[in-house]
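A short worksheet on the structure shown next.
Set out below in structure tokens:
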């Protein structure tokens, strides 16, 4: 009945029960169990989404949003079936104002497409989670990535969201001003709410000037503790790195094996310096001195694009090297801790991987205290997935214990629900009350975030 | 009766009805009507605050928080009397972790005291609203100031808040990790909530390395439009200024008159460049070229502290020059708009001041699109205060019309309540529901933020 109503209200061409569409929206890039929705809608406007939510309210049907499917915690999986809103047709630029360094886009635009548009004007949207995620998905999960050390996460780069609430009201959470002290901060609240509080229909973002000059560098250390200490030293020195990444020795070996390379099999730090030329050069020289004092080896720098790619190759190819082992799947942790606790957490991560008997690496956005594991498992071998998942869980709990978070950038979704009480304590009740207030019927992405 | 209970629970020494204490907590630095509370409490711990809130709940008495009294919108004025919580005894450092570049403090510590502590370790807490406000007050209003162009506002610099809710629950809104995608963003929600959703009892802040080198500069332009265009040009060039401030010609004349100086009476831009030496020097040279292309005059730079102070003197002495005119009081707007709308808004501000027949200046954190007026009025001359207030109101409405905010950094308090509906539309209902949910009895700073 509700599917009939959707076709009636949106038109047949925006409503699909085609097997391909149902399958496409059944899973993301995580190992969480796929579930197909009953129907996929392809809205083209906010008005379409208002109609979908009205039908969902009337028939009490769950509504789950789907962007690029690049999520890593199952946020987009419609575990209670119902309607999936697929944003692929809502990928337009609503308003681009280069002189204000802001852009308003529909949620289905991907970050790479966005950058193609703004780059021509000397601007970048710097948040870079790796995958070519949609801006809506990135806002919904408060995504970040390699550049967070300089630009923060989506929440830091978002000025305004247009949101359709469960009751049909349409709100704007902010304005186009760069800062405001007016009203309660709803922009931050809806950013990272994973489609559980409302459906985002427009996102207004800050843009930044493309740095004049970029320089990449790499060096190695014998132990992980010194890598973390090195990252601390760089941050304390006031060098404003663009990126600062850790890849552990096991992961380097994996990339070497996968790509037939011969990189030194040591824990490796990758740097990107970006800004004005003199600044970048001075920063890289200072960084080199500081890192040498800590015993770094194999320091290599590159300014031209081809050489830069070469210097960063092991970082770039890492995920691919792990995930393309035949017949294997992968999972990983996403903890973020106060930077002084990084060495012990990274060591603990390595221990957990060794104990699991599985192959896995540690890599991270070490400047934020955020790091990941990638642990391979064979889904056909009994117990392997459970052992892989255990490494994630143990690491999340330890991160919370040392004053950090179970998820630095991937979000809660299905995988981190069980840690909400441990991490947030009494605040979980406040969060649940907000959910109850904004979605009393529980139609928005039910079964996510809170148990 | 409730005062008796307060004395009983907290001890007499923490509870005062002394006229001096009542008067001190009756007003802030704004012209909003002073109102004395019935009693002032001086808690020393979170436990004291829990006791105060329990008594407030039991006897249904309003509770208003008071920091340094440097607010500009009456947030701390106990307009429904009752209890004021004065934070002067809660000014301790709870946890300082230089290696994590974080610090946790009680809300009564002022930002200058905080900086004294962290500066010794090569660190700064950069948010600078001018006044030596308390960290609690700054968090409660989402304060910012001259450095927001680089570091953002309090919300961007706050990792975690400990909050006592109206129902007595104690929550932490975040963790000590630099970023997180876990749970709903309560840190951002309580930051800027002006004591209406809970009482902040601890604030955990990000710290930054002290820039190695600082350079200040000044230049003038013939018209305000070009000043705004110049600010845009600098931002688009990718120069990461530490401060970029506008002071209009009228204000320069006021400072000249007040201090017997002889500065060029033109619209003036002030810059602070900060970072590594080579970077700062390169940035200042590029800035000079860009500004000269736009027709700037009187370019002056300074690197040594005495000369820096001299270069920035008119900016520093501005507020003082206006507010110390004998017998006069002052008020001012606090709008923030998309930067392309700055020229017209600043021109409109000047028109409004001319039309009012009052003396006033325009100054601003032009890199954020945030600017203020300072309008002098004689409270004894009928109609002057009303005319001064009208300039604020007209400017706030215009800012909202062009996609900006009625308050960039001072907060809502009493003065900006009437603009909430115009600025936030339907979102105001969501905000009111949050207030209702978290403070159903309306004991927390009643009569503020929403009409």
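Chains as they are written, first to last, in UniProt numbering: chain A, 1 to 451; chain B, 1 to 451.
Note that CB positions come from ideal geometry on N, CA and C, so glycine has one too.
Note that this is a predicted model, so its numbers are computed, not measured.
Exercise. Among A/127, A/173 and A/156, which residue has its Cα nearest to the Cα of residue 429 of chain B?
Worked result: Translated into the one-based positions of the second chain, residue 429 of chain B becomes position 429. Taking only the C-alpha atoms, the option nearest residue 429 of chain B is A/173.
Exercise. How long is the line joining the alpha carbons of residue 399 of chain A and residue 426 of chain A, rounded to whole angstroms?
Worked result: Taking the first residue of the first chain as 1, we reach residue 399 of chain A at position 399. Taking the first residue of the first chain as 1, we reach residue 426 of chain A at position 426. Whole-angstrom Cα-Cα distance: 18 Å.
For this session: Kindly indicate the opening and closing residues of the alpha helix (DSSP H) around residue 372 of chain B.
Result: Within the second chain, the letter at position 372 stands for residue 372 of chain B. Premise fails: residue 372 of chain B lies in the beta strand (DSSP E), 370-377, not in any alpha helix (DSSP H).
Problem set entry | Bridge partners - residue 95 of chain B, DSSP secondary structure assignment | The residue given as residue 95 of chain B occupies position 95 in the second chain. Paired residues: B/104.
Exercise. Considering only C-alpha positions, which residue in the set A/243, A/171 and A/35 is nearest to residue 78 of chain A?
Worked result: Translated into positions along the first chain, residue 78 of chain A becomes position 78. With distances taken between Cα atoms, residue 78 of chain A lies closest to A/35.
For this session: Report the residue from A/278, A/375, A/335 and A/333 whose alpha carbon sits nearest the alpha carbon of residue 322 of chain A.
Result: Position 322 of the first chain, counted from the first residue, corresponds to residue 322 of chain A. Minimum Cα distance to residue 322 of chain A is reached at A/375.
Problem set entry | Amino acids of chain B, ordered along the chain, whose beta-carbon sits closer than 7 Å to that of residue 211 of chain A | By one-based count along the first chain, residue 211 of chain A stands at place 211. Chain B residues near residue 211 of chain A: 238.
Problem set entry | N- and C-terminal bounds of the beta strand (DSSP E) containing residue 199 of chain B | As a working mapping, residue 199 of chain B is identified with position 199 in the second chain. Segment 199-206, the beta strand (DSSP E) holding residue 199 of chain B.
Exercise. Could you give the C-beta distance for residue 205 of chain A and residue 124 of chain A, rounded to a whole number, given that I count them as a contact under 8 Å?
Worked result: In the first chain, the residue the question calls residue 205 of chain A occupies position 205. In the first chain, the residue the question calls residue 124 of chain A occupies position 124. In fact, because the Cβ distance is near 11 Å, the residues do not count as touching under 8 Å.
Exercise. Secondary structure at residue 272 of chain B, three-state DSSP: helix, strand or coil?
Worked result: Taking the first residue of the second chain as 1, we reach residue 272 of chain B at position 272. Three-state result, residue 272 of chain B: strand.
Problem set entry | According to DSSP, residues forming a beta bridge with residue 160 of chain B | For the purposes of this step, residue 160 of chain B is taken as the residue at position 160 of the second chain. B/204.
Exercise. Going by other Cβ atoms of all chains shown within 10 Å of its Cβ, with 16 needed for buried, is residue 420 of chain A buried or exposed?
Worked result: Within the first chain, residue 420 of chain A is the residue found at index 420, counting from 1. Answer is buried; the Cβ neighbour count reaches 16.
For this session: Tell me, please, which residues DSSP counts as bridged to residue 217 of chain A.
Result: Walking along the first chain from the start, residue 217 of chain A turns up at place 217. For residue 217 of chain A, which the question treats as bridged, DSSP gives the partners A/271 and A/301.
Exercise. Of all the options B/366, B/49 and B/131, which has the alpha carbon lying nearest to the alpha carbon of residue 320 of chain B?
Worked result: Taking the first residue of the second chain as position 1, residue 320 of chain B is located at position 320. Measuring from the Cα of residue 320 of chain B, the nearest candidate turns out to be B/131.
Problem set entry | Residue-chain proximity (residue 158 of chain B, chain A), Cβ-Cβ < 8 Å | Position 158 of the second chain holds residue 158 of chain B. No, because no Cβ of chain A sits closer than 8 Å to the Cβ of residue 158 of chain B.
Exercise. The alpha helix (DSSP H) with residue 434 of chain B in it runs from where to where?
Worked result: In the second chain, the residue the question calls residue 434 of chain B occupies position 434. 427-438 is the extent of the alpha helix (DSSP H) around residue 434 of chain B.
Problem set entry | Three CB pairs or more closer than 8 Å across the stretch 254-268 of chain B and the stretch 230-240 of chain B | no
For this session: Starting from the C-beta of residue 423 of chain B, find all residues in its chain whose C-beta is less than 8 Å away, skip the five residues before and the five after it, and write them out in chain order.
Result: On the second chain, residue 423 of chain B is found 423 positions in, with the first residue counted as 1. Same-chain partners within the cutoff: 400, 405 and 406.
Exercise. Assuming residue 299 of chain B and residue 291 of chain B make a contact with CB atoms under 8 Å, what is their CB distance in whole Å?
Worked result: On the second chain, position 299 is the one that residue 299 of chain B refers to. On the second chain, position 291 is the one that residue 291 of chain B refers to. That pair is a contact at about 7 Å.
For this session: Return the residues of the stretch 279-293 of chain B that lie within a Cβ-Cβ distance of less than 9 Å from chain A, sorted by chain order.
Result: 279, 280, 281, 282, 283 and 286
Problem set entry | Separation of residue 279 of chain B from residue 452 of chain B, as counted between CA atoms | Absent from the model: residue 452 of chain B. The displayed extent of chain B is 1 to 451, so no value can be given.
Exercise. So, residue 166 of chain A versus residue 439 of chain A, is the Cβ gap smaller than 8 Å?
Worked result: Looking up residue 166 of chain A in the first chain gives position 166. Looking up residue 439 of chain A in the first chain gives position 439. Result yes, Cβ atoms of residue 166 of chain A and residue 439 of chain A sit closer than 8 Å.
Exercise. Which first and last residues belong to the alpha helix (DSSP H) in which residue 292 of chain A is found?
Worked result: Residue numbering aside, residue 292 of chain A sits at position 292 when the first chain is read from its first letter. Run containing residue 292 of chain A: 277-293, per the alpha helix (DSSP H) assignment.
For this session: Could you list the residues in the stretch 161-177 of chain B with a C-beta less than 9 Å from some C-beta on chain A, going in chain order?
Result: 163, 165, 169, 170, 171, 172, 173, 174, 175, 176 and 177
Exercise. In chain order, what residues of the same chain have a beta carbon less than 8 Å from the beta carbon of residue 44 of chain B, not counting five sequence neighbours either side?
Worked result: Along the second chain, read from residue 1 onward, the residue named residue 44 of chain B stands at position 44. Hits under 8 Å: 14, 89 and 90.
Problem set entry | Which listed residue (B/182, B/218 and B/96) has its alpha carbon closest to that of residue 309 of chain B | The count along the second chain starts at 1 and reaches residue 309 of chain B at position 309. The candidate whose alpha carbon is nearest that of residue 309 of chain B is B/218.
Exercise. When you check each C-beta in the stretch 400-418 of chain B against every C-beta of chain A, which residues fall closer than 7 Å?
Worked result: 403, 404, 405, 406, 407, 408, 409, 410, 411, 412 and 416
Problem set entry | residue 48 of chain B - containing alpha helix (DSSP H), residue span | Within the second chain, numbered from 1, the residue matching residue 48 of chain B stands at position 48. Here the alpha helix (DSSP H) through residue 48 of chain B covers 46-59.
Exercise. Counting contacts by CB-CB distance shorter than 8 Å, is residue 155 of chain B in contact with chain A?
Worked result: The count along the second chain starts at 1 and reaches residue 155 of chain B at position 155. It does: the Cβ of residue 155 of chain B has a partner Cβ on chain A nearer than 8 Å.
For this session: Taking residue 442 of chain A as the query, report the chain B residues whose CB atoms sit under 7 Å from its CB, ordered along the chain.
Result: Looking up residue 442 of chain A in the first chain gives position 442. Neighbours of residue 442 of chain A on chain B: none; closest Cβ ~16 Å, over 7 Å.
For this session: Using beta-carbon positions only, say whether residue 87 of chain B and residue 134 of chain B come within less than 8 Å of one another.
Result: Reading the second chain from its first residue, position 87 is the one you call residue 87 of chain B. Reading the second chain from its first residue, position 134 is the one you call residue 134 of chain B. Yes, they are a contact pair.
Problem set entry | Supposed contact pair residue 416 of chain A and residue 182 of chain B - C-beta distance, whole angstroms, cut 8 Å | Looking up residue 182 of chain B in the second chain gives position 182. Looking up residue 416 of chain A in the first chain gives position 416. Indeed, because the Cβ distance is near 6 Å, the residues count as touching under 8 Å.
For this session: Could you check what DSSP says for residue 176 of chain B in three-state terms: helix, strand or coil?
Result: On the second chain, residue 176 of chain B is found 176 positions in, with the first residue counted as 1. Residue state, collapsed to three classes: coil.
Exercise. Across which residues does DSSP place residue 244 of chain B in a beta bridge pair?
Worked result: Taking the first residue of the second chain as position 1, residue 244 of chain B is located at position 244. Per DSSP, B/271.
Problem set entry | Spatial distance of residue 33 of chain A from residue 27 of chain A (CA atoms) | Reading the first chain from its first residue, position 33 is the one you call residue 33 of chain A. Reading the first chain from its first residue, position 27 is the one you call residue 27 of chain A. Rounded to the nearest angstrom, the two C-alpha atoms are 7 Å apart.
Exercise. Just reading off the beta strand (DSSP E) that residue 84 of chain B is part of, what are its end residues?
Worked result: By 1-based counting over the second chain, the position of residue 84 of chain B is 84. First-last of the beta strand (DSSP E) with residue 84 of chain B: 83-86.
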